[in-house]
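Residue numbers (this note's numbering): 109 to 253.
Glycine included, every Cβ here is placed at the ideal spot set by N, Cα and C.
Keep in mind that this is a model prediction, so the values were computed, not measured.
Report on one structure; see the data block that follows.
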């Protein structure tokens with residue numbers, strides 16, 4: 109007779125989230141369809157901020173950006189991250205308490221950051237929402253990688 113393996117499988121799932129309803133739907137779909145009681149699940153919520161803009165003291169258009177304006181823009185970006193992650197964690201809380209939820213915030217081109225983080229943390233699955241582009245628009249965005 110074969111020995112029964114009583115250890116639960118570990119599964120790491122990355123869900124890319126942003127401000128869109130599509131990403132929150134993808135998170136809900138993931139929680140409904142991919143999370144299993146037979147596994148120890150780690151759900152990684154990944155938010156990618158756009159690369160920080162480079163401001164000179166005098167913009168090309170002639171606008172002057174003070175340190176206060178730049179700090180205000182950075183604070184807005186941090187508030188946005190906290191808002192998106194808070195909404196995502198609220199959705200996770202409604203589905204199951206058996207899930208370990210981690211947050212990762214990256215900065216840069218979303219395509220590159222998402223791929224690099226998935227490779228770095230050795231995720232089993234990546235879940236992303238779709239903005240409803242047609243086939244050719246999706247193909248173009250992938251082809252330009």
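According to DSSP, residues forming a beta bridge with residue 149: For the purposes of this step, residue 149 is taken as the residue at position 41 of the chain shown. Looking at the DSSP assignment, residue 149 forms a beta bridge with 119 and 207.
Exposure of residue 84, with buried meaning 16 or more beta-carbon neighbours within 10 Å: Missing from the structure shown is residue 84; the chain here goes from 109 to 253 and no further.
Whether residue 221 touches residue 234 by CB criterion (9 Å): Counting from one through the chain shown, the residue named residue 221 turns up at place 113. Counting from one through the chain shown, the residue named residue 234 turns up at place 126. Contact flag unset, no.
Under 9 Å between C-beta atoms of residue 140 and residue 203: Numbered from 1 along the chain shown, position 32 holds the residue referred to as residue 140. Numbered from 1 along the chain shown, position 95 holds the residue referred to as residue 203. Taking 9 Å as the Cβ cut-off, residue 140 and residue 203 qualify as a contacting pair.
Where residue 156 sits in the DSSP three-state scheme: Within the chain shown, numbered from 1, the residue matching residue 156 stands at position 48. The three-state reading of DSSP puts residue 156 in strand, counting E and B together.
Counted within 10 angstroms of its Cβ, other Cβ atoms place residue 237 as buried (16 or more) or exposed: As a working mapping, residue 237 is identified with position 129 in the chain shown. It counts as buried.
Range of the contiguous beta strand (DSSP E) that encloses residue 235: Along the chain shown, one-based indexing puts residue 235 at 127. Its beta strand (DSSP E) spans residues 233-235.
Backbone CA spacing between residue 180 and residue 117 [nearest angstrom]: Position 72 of the chain shown, counted from the first residue, corresponds to residue 180. Position 9 of the chain shown, counted from the first residue, corresponds to residue 117. If you take the alpha carbons of residue 180 and residue 117, they lie about 45 Å apart.
Residue 123 versus residue 135: straight-line alpha-carbon distance, rounded: Sequence index remark: in the chain shown, residue 123 carries index 15 (1-based). Sequence index remark: in the chain shown, residue 135 carries index 27 (1-based). Rounded to the nearest angstrom, the two C-alpha atoms are 6 Å apart.
Candidates 126, 121, 119 and 120, of which the one nearest residue 239 by Cα: Start at 1 with the first residue of the chain shown, and residue 239 comes out as number 131. Nearest option by C-alpha distance: 126.
Cut-off 7 Å between Cβ atoms - residues of its own chain near residue 155, not counting five sequence neighbours on either side: On the chain shown, residue 155 is found 47 positions in, with the first residue counted as 1. For residue 155, where only same-chain residues beyond five positions count, the Cβ hits under 7 Å are 125, 126, 189, 192, 193 and 213.
Residues that DSSP places opposite residue 215 in a beta bridge: For the purposes of this step, residue 215 is identified with residue 107 of the chain shown, where counting begins at 1. Per DSSP, 157.
Neighbour-count burial assignment, residue 121, 16 or more Cβ in a 10 Å radius: Taking the first residue of the chain shown as position 1, residue 121 is located at position 13. Buried.
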